[in-house]
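**Q** Count along the sequence shown from 1, add 1, and you get the number used in our numbering. Don't be surprised by glycine CBs; every beta carbon is placed ideally from N, CA and C. The structure presented is a predicted model; accordingly, all values stated were derived computationally and were not measured. Input: one structure, supplied below.
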Amino acid sequence: MYDVVIMGSGPAGLCAAIYAKRAGLKAVTLEKSPMSGGQVLNTYEVDNYPGLPGINGFDMGMKFREHADKLGCEFLNDSVLSVTPIQKDTELVRAASSNTVDGAGEGAGSNAGFVIETEGGVLHTKTVVAAMGASHAKLGIPGEEELSGMGVSYCATCDGAFFRGRTTAVIGGGDVAVEDAIFLARGCEKVYLIHRRDELRAAKILQEELLSLPNVEVIWDTVVERINGEDQVESISVKNKKTGEEAQIAVDGVFVAVGILPQSEIMADVTACDEKGYLIAGEDCACTTPGIFAAGDIRTKKLRQIITAAADGANAITSVQEYLIEAKNK
Ligand SMILES: Cc1cc2nc3c(=O)[nH]c(=O)nc-3n(C[C@H](O)[C@H](O)[C@H](O)COP(=O)(O)OP(=O)(O)OC[C@H]3O[C@@H](n4cnc5c(N)ncnc54)[C@H](O)[C@@H]3O)c2cc1C
Numbered sequence: 002m003y004d005v006v007i008m009g010s011g012p013a014g015l016c017a018a019i020y021a022k023r024a025g026l027k028a029v030t031l032e033k034s035p036m037s038g039g040q041v042l043n044t045y046e047v048d049n050y051p052g053l054p055g056i057n058g059f060d061m062g063m064k065f066r067e068h069a070d071k072l073g074c075e076f077l078n079d080s081v082l083s084v085t086p087i088q089k090d091t092e093l094v095r096a097a098s099s100n101t102v103d104g105a106g107e108g109a110g111s112n113a114g115f116v117i118e119t120e121g122g123v124l125h126t127k128t129v130v131a132a133m134g135a136s137h138a139k140l141g142i143p144g145e146e147e148l149s150g151m152g153v154s155y156c157a158t159c160d161g162a163f164f165r166g167r168t169t170a171v172i173g174g175g176d177v178a179v180e181d182a183i184f185l186a187r188g189c190e191k192v193y194l195i196h197r198r199d200e201l202r203a204a205k206i207l208q209e210e211l212l213s214l215p216n217v218e219v220i221w222d223t224v225v226e227r228i229n230g231e232d233q234v235e236s237i238s239v240k241n242k243k244t245g246e247e248a249q250i251a252v253d254g255v256f257v258a259v260g261i262l263p264q265s266e267i268m269a270d271v272t273a274c275d276e277k278g279y280l281i282a283g284e285d286c287a288c289t290t291p292g293i294f295a296a297g298d299i300r301t302k303k304l305r306q307i308i309t310a311a312a313d314g315a316n317a318i319t320s321v322q323e324y325l326i327e328a329k330n331k
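Encoded structure:
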């Protein structure tokens, strides 16, 4: 019986692993990919994490994992398939309780721990930290993958500063796309917002701000068919869906903002998600089901970044400790 099973080893999961180890918890971190680091691994340059200016994302992921390894954190390279709360007074509870270290196995809430089914087997734990992150929806067009990190980005907050004084295109029409365009317009000479419809889905107040900016041009009813460039983005090929007219627009950067997909499917029946699939949890990372905590990009929050994911890892373990103490005192 583990005190905590951490699912995912991006910045949130790795930070949770470090805090759990230092707190003396019996913890294991499960990671489905061959390497820890999560989305950070595919980031060309990270320039907004204190103390590590301009670090390559892969190196950063390795540094985080090395830190956890140095402390002796336990990892399993395994994919989580399901999480099932154990109800009190079931056979599983009686079996699990006999292994309980502190007598905290009965949980503070209505459940008595969790069964974690993985590709490799089954684990029992008193608490769960869900840190499976999120992935950015892709356009799936030629040039997108080839030029990713070379002018193609999925995060204006992360990479916008690299395009100061230059021309960029944001693709999308929702809140994130419009917020990204407004953010980029503060530093870029020119920003195109390319949207496939004739109206934006973003909040009215954001639309008004966007349309008031002199260096933003919205290109309506238009899809991007190709991103062009040798080893750096040079232009995009676009097509008007209504007229069929094709054009090429010179840009230095392309920001894809067509959606973020939280990796929360396996949690959907276990704890509450919002309408976009994010696990509902506040700053204490406590989910609606007692004993489940959400950390990093998978959680409902305003800013999804490495530093906020790492902070969540720390907060989640603090909440786990409080939960276990409460359970022990019951
Ligand atoms: C291209 C790009 C550039 C970025 N640049 C920056 C930047 O410059 N600065 C910044 O602060 N942020 C940046 N970000 C955002 C930052 O990477 C994320 O906010 C951060 O990685 C979130 O961390 P996380 O631990 O919550 O999730 P993730 O990093 O997504 O990690 C989740 C981990 O969980 C694992 N996992 C998922 N499902 C399972 C499962 N069922 N079983 C086991 N393991 C599972 C995944 O394999 C992954 O390793 C960037 C993101 C992208 C995509």
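Quick one: what's R77 bridged to in DSSP?
**A** Residue numbering aside, residue 77 sits at position 76 when the sequence shown is read from its first letter. Reading the sequence as shown, one finds Leu at residue 77 and not Arg. Answer by DSSP bridge pairing, in chain order: L31.
**Q** Under a Cβ-count criterion, where at least 16 other Cβ atoms within 10 Å of its own Cβ denotes burial, should P263 be classed as buried or exposed?
**A** Working through the sequence shown from its first residue, we reach residue 263 at position 262. It counts as buried.
**Q** Identify whether D275 lies in helix, strand or coil by the three-state DSSP scheme.
**A** Position 274 of the sequence shown holds residue 275. In this structure, D275 counts as coil in the three-state DSSP scheme.
**Q** Could you check if A269 is buried or exposed, using at least 16 other CB atoms within 10 Å of its CB as the buried criterion?
**A** Counted from its first residue, the sequence shown places residue 269 at position 268. When all chains shown are included, A269 counts as exposed.
**Q** What alpha helix (DSSP H) runs, 4 residues minimum, are completely inside the segment 4-62?
**A** Runs of the alpha helix (DSSP H) inside the segment 4-62: 12-23.
**Q** Are V41 and L140 close, meaning C-beta to C-beta below 8 Å?
**A** Translated into positions along the sequence shown, residue 41 becomes position 40. Translated into positions along the sequence shown, residue 140 becomes position 139. Contact flag unset, no.
**Q** Three-state secondary structure (DSSP) at G106?
**A** Here residue 106 corresponds to residue number 105 of the sequence shown, with the count starting at 1. Any reading at G106 must be qualified, since the residue scores a pLDDT of 37, below 50, and its modelled position is unreliable; no value is offered.
**Q** Whole angstroms is fine: what's the gap from Q88's alpha carbon to V116's?
**A** Residue numbering aside, residue 88 sits at position 87 when the sequence shown is read from its first letter. Residue numbering aside, residue 116 sits at position 115 when the sequence shown is read from its first letter. In a straight line, the C-alpha of Q88 is about 11 Å away from that of V116.
**Q** If you drop the 5 nearest sequence neighbours on each side, which residues of the same chain put their C-beta closer than 7 Å to that of G69?
**A** Against the sequence shown, residue 69 aligns to sequence position 68. The amino acid at residue 69 is misidentified as Gly; the sequence shows Ala. Excluding residues within five positions, the ones whose Cβ falls inside 7 Å are L15, A18 and I19.
**Q** Spell out the partners DSSP gives A315 in its beta bridges.
**A** Here residue 315 corresponds to residue number 314 of the sequence shown, with the count starting at 1. None; A315 has no bridge partner.
**Q** Using C-beta distances below 6 Å, list every residue in its chain close to K22, excluding the 5 sequence neighbours before and after it, in chain order.
**A** Taking the sequence shown and counting its residues from 1, the one referred to as residue 22 is at position 21. So the qualifying residues of the chain are L72 and C74.
**Q** Under 8 Å between the Cβ atoms of A13 and G297?
**A** Counting from 1 along the sequence shown, the entry for residue 13 is found at position 12. Counting from 1 along the sequence shown, the entry for residue 297 is found at position 296. Contact: yes.
**Q** Please report how far the alpha carbon of I7 lies from the alpha carbon of G58, in whole angstroms.
**A** Here the question's residue 7 lines up with position 6 in the sequence shown. Here the question's residue 58 lines up with position 57 in the sequence shown. Their Cα atoms are separated by approximately 22 Å.
**Q** Taking 7 Å as the cut-off, is the CB of L185 close to at least one heavy atom of ligand 1?
**A** In the sequence shown, residue 185 corresponds to position 184, counting from 1. No, ligand 1 has no heavy atom inside 7 Å of this Cβ.
**Q** Straight-line CA distance for G314 to G161?
**A** One-based indexing of the sequence shown puts residue 314 at position 313. One-based indexing of the sequence shown puts residue 161 at position 160. So the two alpha carbons sit approximately 26 Å from each other.
**Q** Ligand 1 and G14: does any heavy atom of the ligand fall closer than 7 Å to the residue's C-beta?
**A** Locating residue 14 in the sequence shown gives position 13, where the first residue counts as 1. Flag set: Cβ of G14 near ligand 1.
**Q** Taking 8 Å as the threshold (C-beta atoms), are G11 and A138 in contact?
**A** The residue given as residue 138 occupies position 137 in the sequence shown. The residue given as residue 11 occupies position 10 in the sequence shown. In this structure, G11 does not lie closer than 8 Å to A138 by Cβ.
**Q** Taking only beta-carbon positions, decide if I299 is within less than 8 Å of chain D.
**A** The chain inventory of the structure shown lacks chain D, comprising one protein chain alone.
**Q** Quick check: the segment 199-212 against the segment 146-154, are at least 3 beta-carbon pairs closer than 8 Å?
**A** They do not touch, by the three-pair rule.
**Q** Excluding five sequence neighbours on each side, which residues of the same chain lie with their C-beta closer than 7 Å to the C-beta of A96?
**A** Your numbering for residue 96 matches position 95 in the sequence shown. Confidence at A96 is low in this model, with a pLDDT of 40, below 50, so the placement of that residue should be treated as unreliable; the coordinate-derived value is given next. The answer is none, since no qualifying residue turns up.
**Q** Which residues bound the beta strand (DSSP E) around V234?
**A** The residue labelled residue 234 in the question sits at position 233 within the sequence shown. Note, V234: premise wrong, no beta strand (DSSP E); not H, not E.
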